[in-house]
Amino acid sequence: MTPETADNSATRMPPITVPAGWTFLGLALGIALGWLLSGTAISGPLLAVAGPVGKLWLQGLTMTILPLVAALLFNGVVDTVAAARAGPMARRTLGLIFGILAFSAILGGLLTPLLLGLFPVPADAARAIGAQSADPGPVPGIADFLTGLIPSNIVSAAGDNAMLPVIVFFALFALASTRLADGPRQTLASLFEGIAGAMMVVIGWVLAVAPIGVFGLAFSVAAGSGGAAIGALAHYVSIVAAVGGVILIGAYLLAVFGAKRSPLAYARAMLPAQTVAFSTQSSLASLPAMLVSCRNLGVRERTGEFVLPLAVALFRPTGPAMNMAVAIYAAHLTGVTLTPLVLASGILTAFATTMGAVSLPGAISFVTSCGPVAIAMGVPVEPLALLVAVEMLPDLMRTLGNVSMDVAVTATVDRLEGDEGAPRTVH
40 MTPETADNSA
50 TRMPPITVPA
60 GWTFLGLALG
70 IALGWLLSGT
80 AISGPLLAVA
90 GPVGKLWLQG
100 LTMTILPLVA
110 ALLFNGVVDT
120 VAAARAGPMA
130 RRTLGLIFGI
140 LAFSAILGGL
150 LTPLLLGLFP
160 VPADAARAIG
170 AQSADPGPVP
180 GIADFLTGLI
190 PSNIVSAAGD
200 NAMLPVIVFF
210 ALFALASTRL
220 ADGPRQTLAS
230 LFEGIAGAMM
240 VVIGWVLAVA
250 PIGVFGLAFS
260 VAAGSGGAAI
270 GALAHYVSIV
280 AAVGGVILIG
290 AYLLAVFGAK
300 RSPLAYARAM
310 LPAQTVAFST
320 QSSLASLPAM
330 LVSCRNLGVR
340 ERTGEFVLPL
350 AVALFRPTGP
360 AMNMAVAIYA
370 AHLTGVTLTP
380 LVLASGILTA
390 FATTMGAVSL
400 PGAISFVTSC
410 GPVAIAMGVP
420 VEPLALLVAV
430 EMLPDLMRTL
440 GNVSMDVAVT
450 ATVDRLEGDE
460 GAPRTVH
């Protein structure tokens with residue numbers, strides 16, 4: 040089993056190695072042993088150890104979410120503002136990117152409940168996992184939701200895990216920092232870059248022992264639910280991957296209707312890049328192959344060499360939809376009522392947190408993106424600690440969708456530029 044290693048050169052983050060294969064093995068062993076030993080005399084003493092170990096690991100994972108999200112969001116907003124100042128092509132690209140991200144978040148919020156209505160979460164697994172999760176608390180009314188968007192005390196909001204007000208504060212703070220003189224602006228940027236880097240190191244330490252923590256959590260769940268946990272995880276992967284698949288289809292539609300390329304030409308051009316994406320699970324590693332895809336689609340070099348790296352650095356189109364799917368699935372596991380306001384909180388958070396999570400390994404981006412969405416929706420984060428162990432499977436769809444949409448966006452911007460003087464050749 041090969042550890043999943045981040046290439047963090049684009050985000051200036053320290054290298055982090057995530058033992059994805061060993062974590063999956065810990066999940067499988069925990070479920071198998073919990074199922075086999077359920078109801079036996081030895082299960083009680085083992086649960087007394089496995090339960091606290093799993094909970095301790097989960098708390099270590101959770102404690103990094105808020106500071107890491109704040110730092111990544113700050114850096115993402117600053118980088119986006121800097122990119123927007125690069126000229127009309129950059130602004131056109133960012134407008135298209137933000138439109139797709141908003142669509143992705145709304146799609147996840149609407150499609151996932153529909154899919155779960157047609158294919159419900161296995162009841163036994165929901166009872167077992169929900170029994171180990173914290174009380175989600177009361178659902179806020181519309182007045183509380185609106186007044187809560189602007190925190191009267193940011194420290195209090197952070198202490199209460201009020202994710203959406205914290206996101207609003209740091210987004211405004213980041214925007215304000217871009218109006219400062221070079222010295223203070225660079226000092227703040229370096230500070231938040233350092234915070235993000237330090238939190239990445241901490242979360243790397245926590246994820247290094249993920250096989251042990253996930254084993255403890257999986258054993259506890261399987262001891263109470265038996266084989267239902269296996270069915271729930273397979274069901275989860277199918278639902279989340281299906282939501283990401285819609286974004287992948289959207290890339291083909293954008294190539295046809297936005298870039299005005301034939302679907303067969305786009306499919307042929309994308310095949311090498313999609314092969315690299317599937318094998319590496321990294322948009323960044325797929326960048327050279329994506330540049331070749333753009334060339335084969337007749338995209339001008341000046342467009343491809345500017346827009347595509349910008350898209351890879353700032354754009355993760357499957358993120359909002361699939362992160363919403365994860366949080367909504369966790370809500371169904373734990374019995375959280377999904378009111379329109381709860382979904383709106385998740386959609387806004389999914390849109391905002393996607394900006395800072397690009398080029399991180401699947402397991403880390405899962406924590407930094409899905410965790411805030413769940414917290415904003417009032418969904419207990421306990422199920423996420425188990426779901427992260429199978430993230431390598433839906434992450435295949437994430438990378439395929441991201442790479443395909445990056446090229447479709449680049450080709451669309453190239454068409455919108457409207458430079459008829461340069462010939463295009465579609466092979």
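Here the sequence shown is numbered in the working numbering, starting from 40 and rising by one per residue. Note that CB positions come from ideal geometry on N, CA and C, so glycine has one too.
Within its chain, find whatever has a CB closer than 6 Å to the CB of residue i; leave out the 5 residues flanking it on each side and keep chain order.
i	result
Leu326	Val351
Val346	Thr132, Thr449 and Val452
Gly280	Per the sequence shown, the amino acid found at residue 280 is Ala instead of Gly. Excluding sequence neighbours, Ala280 sits near Pro433 and Met436.
Ala370	Leu377 and Val418
Arg224	Ser216
Whole angstroms is fine: what's the gap from residue i's alpha carbon to residue j's?
i	j	result
Leu303	Leu155	33 Å
Ala71	Ile367	26 Å
Pro42	Ser143	Annotation note: pLDDT 38 at Pro42 (below 50); position unreliable, coordinate value reported separately. Distance between the alpha carbons of Pro42 and Ser143: 29 Å.
Thr79	Val260	15 Å
Ala461	Gly126	Low local confidence applies: a pLDDT of 47 at Ala461 is under 50, so the model's placement there is unreliable, and no value is given.
Gly69	Ser318	28 Å
Asn426	Leu272	It should be noted that the sequence gives Leu, not Asn, for residue 426. If I take the Cα positions, the gap works out to 7 Å.
Gly444	Ala290	It is Met, not Gly, that sits at residue 444 in the sequence shown. Their Cα atoms are separated by approximately 5 Å.
Leu336	Trp96	47 Å
Glu421	Ser82	21 Å
Ala141	Val338	26 Å
Phe471	Leu349	With the chain covering 40 to 466 only, the question about residue 471 has no answer from this structure.
Ala328	Phe212	37 Å
Asp453	Arg131	10 Å
Val160	Ser77	22 Å
Leu85	Ala262	10 Å
Ala316	Ala235	26 Å
Ile104	Ile193	16 Å
Glu430	Gly60	11 Å
Thr217	Tyr305	38 Å
Phe158	Gly115	36 Å
Leu219	Ile286	38 Å
Ala45	Leu100	Note that Ala45 scores a pLDDT of 39, beneath 50, so its modelled location is shaky; the value from the coordinates is reported in the next line. Cα-Cα distance, rounded: 18 Å.
Arg124	Asp221	15 Å
Ala228	Val241	20 Å
Ala298	Ile139	15 Å
What does the Cβ neighbour count give for residue i, buried or exposed, with the cut at 16 atoms within 10 Å?
i	result
Asn362	buried
Thr357	buried
Phe405	buried
Trp244	exposed
Ala376	It should be noted that the sequence gives Thr, not Ala, for residue 376. That one is exposed.
Thr407	buried
Leu423	buried
Pro359	buried
Gly252	buried
Asn441	buried
Ser384	buried
Leu293	buried
Would you mind stating whether residue i and residue j have Cβ atoms separated by less than 8 Å?
i	j	result
Thr392	Ser321	no
Thr151	Ile278	yes
Gly198	Met436	no
Gly343	Leu353	no
Gly73	Ala257	yes
Phe113	Phe209	yes
Leu107	Met238	yes
Ile386	Ile145	yes
Ala267	Asp163	yes
Thr373	Ala249	no
Gly417	Val365	no
Thr388	Pro411	yes
Ala428	Leu75	no
Phe231	Ala110	yes
Gly147	Val276	no
Gly233	Val92	no
Val88	Leu214	no
Pro58	Ala247	yes
Grab me the residues of residue i's own chain with a C-beta within less than 8 Å of its C-beta, minus the 5 sequence neighbours each way, in chain order.
i	result
Ser332	Ala308, Met309, Pro311, Ala312 and Val446
Thr190	Residue 190 is actually Pro in this sequence, not Thr. Excluding sequence neighbours, Pro190 sits near Ala196, Ala201, Pro204, Val205, Val207 and Phe208.
Note down, in chain order, each residue of its chain lying with its Cβ closer than 7 Å to the Cβ of residue i, except the 5 sequence neighbours on either side.
i	result
Ala122	Ala129, Leu133, Leu349 and Leu353
Leu135	Val448, Thr451 and Val452
Leu455	Arg131
Arg463	Because Arg463 sits at a pLDDT of 49, beneath the cut-off of 50, its placement in the model cannot be relied upon, and the following sentence gives the value as read from the coordinates. Cβ neighbours of Arg463 beyond the five flanking positions: Gly337.
Cβ of residue i within 7 Å of any heavy atom in the ligand SAM?
i	result
Pro161	No copy of the ligand SAM occurs in the structure displayed, which carries no ligand at all.
Indicate whether at least one CB of chain D lies closer than 8 Å to the CB of residue i.
i	result
Ser259	Here chain D cannot be found, since the structure has a single protein chain.
| Curious, which full-length alpha helix (DSSP H) runs of at least 4 residues does the region 214-284 contain? | 221-247 and 249-264
| query | Where in the region 88-151 do unbroken runs of the alpha helix (DSSP H), each at least 4 residues long, occur, reported from the N-terminal end onward? | reply | 104-123
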